[in-house]
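Worksheet: one structure, shown below.
Quick look at the structure:
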């Protein structure tokens, strides 16, 4: 089987991708582009390199040396790094930065994807090996939403879609059909912490894909860190977009959610519209 390249940021998601690719017989070459990536990547990868995110030229050269043709990008590279942490960028990275018409998420990521493909690589759908981690419509936790929480889920789903269409973020925190927080440069976890604090408990977190989501990057994902942020801030419901959101560490997350009486569910546009019509 062909080698697969993995440009990895922080979190468990790159590890899950690597393991799924291994199960299918692929060798995986990992490039860790930020500090603090999961140590399992270095232990389990067929080849591992640590190269800063601002060194695109070196990343491309390394992947070509390893014989990689197809690759994906997974894991968190914080927006603070993209805006303020690009120390000593090489010529390839400078070229990408100069071509940016703005610093929106999709603009940055599309520019990087274009540069990767200009080098002769194919950028894979991030979910290509992770479909089993994307839940279908339904309540996943032991506890179901109350009628009031369903109202907030429907409200938050539509709000998240509107924010995604503007390329602002994928996550919103709502309470009593009012926006407590909308994800921007701070990222999902800080958005949840801020929204939960402002909601003073019992807030609802909703995460969706963007209306024109490019599945080569920034596919929505949740996991144990998402739940920990909810516990720390007193949020009581997590609703994700069904079959569009990667849900890692599912059993661990659900066990912890059940212990803390937190609702986790997956919804989609049809489900939300049906609940609205039934009112």
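Numbering (the numbering used here), first residue to last: 1 to 279. Even for Gly, the Cβ is constructed at its ideal location relative to N, Cα and C.
Since I believe residue j is in contact with residue i (beta carbons under 8 Å), could you give me their beta-carbon distance rounded to a whole number of angstroms?
i           : j           : result
residue 182 : residue 168 : 7 Å
residue 33  : residue 52  : 6 Å
residue 56  : residue 96  : 7 Å
Considering only residues of the same chain and omitting the five flanking positions on each side of residue i, which have a CB-CB separation below 6 Å?
i           : result
residue 160 : 172, 206 and 208
residue 121 : 71
residue 30  : 6, 8, 41, 45 and 48
residue 247 : 133, 135 and 222
residue 203 : 173, 175, 180, 195, 196 and 235
residue 59  : 31 and 51
residue 229 : 189, 192 and 193
residue 260 : 231
residue 271 : 137
residue 116 : 123
residue 139 : 265
residue 201 : 234
residue 106 : 167
With 16 as the cutoff for other CB atoms within 10 Å, does residue i come out buried or exposed?
i           : result
residue 100 : exposed
residue 63  : buried
residue 136 : exposed
residue 251 : exposed
residue 278 : exposed
residue 16  : buried
residue 144 : exposed
residue 39  : exposed
residue 199 : buried
residue 75  : buried
residue 241 : buried
residue 162 : exposed
residue 232 : exposed
residue 238 : buried
residue 281 : Here the chain covers residues 1 to 279 and nothing more, so residue 281 does not appear.
residue 24  : exposed
Pick out whichever of the options has its Cα sitting closest to the Cα of residue i.
i           : options              : result
residue 164 : 268, 211, 16 and 266 : 211
residue 268 : 21, 98, 195 and 245  : 245
residue 273 : 192, 156 and 176     : 156
residue 73  : 57, 61 and 113       : 113
residue 148 : 56, 107 and 276      : 276
residue 104 : 130, 166 and 2       : 166
residue 128 : 271, 13, 270 and 249 : 13
residue 348 : 225, 249, 213 and 2  : Not covered by the structure: residue 348. The range shown for the chain is 1 to 279.
residue 65  : 119, 43 and 102      : 119
residue 243 : 131, 26 and 43       : 131
Looking at the C-beta of residue i, does it have a partner C-beta in chain C at a distance below 8 Å?
i           : result
residue 146 : No chain C is part of this structure, which consists of one protein chain only.
What does a CB cutoff of less than 7 Å around residue i pick up in its chain, not counting 5 residues either side in sequence?
i           : result
residue 256 : 227
residue 28  : 4, 6, 18, 21, 22, 45 and 46
residue 111 : 96, 99 and 100
residue 50  : 32
residue 184 : 168 and 169
residue 36  : 10
residue 249 : 12, 223 and 224
Can you name, in chain order, every residue of its own chain whose Cβ lies under 8 Å from the Cβ of residue i, other than the five neighbours on each side?
i           : result
residue 283 : There is simply no residue 283 to check, as the chain begins at 1 and stops at 279 in what is shown.
residue 141 : 254, 257, 258, 262, 263, 264 and 265
residue 151 : 177
Touch check for the region 68-76 and the region 88-108: three-plus C-beta pairs under 8 Å? The region 68-76 is not in contact with the region 88-108.
Using 8 Å as the threshold, is the region 189-203 in touch with the region 215-222, meaning 3 or more CB pairs across them? When C-beta atoms of the region 189-203 are compared with those of the region 215-222, fewer than three pairs fall below 8 Å, so the two segments do not count as touching.
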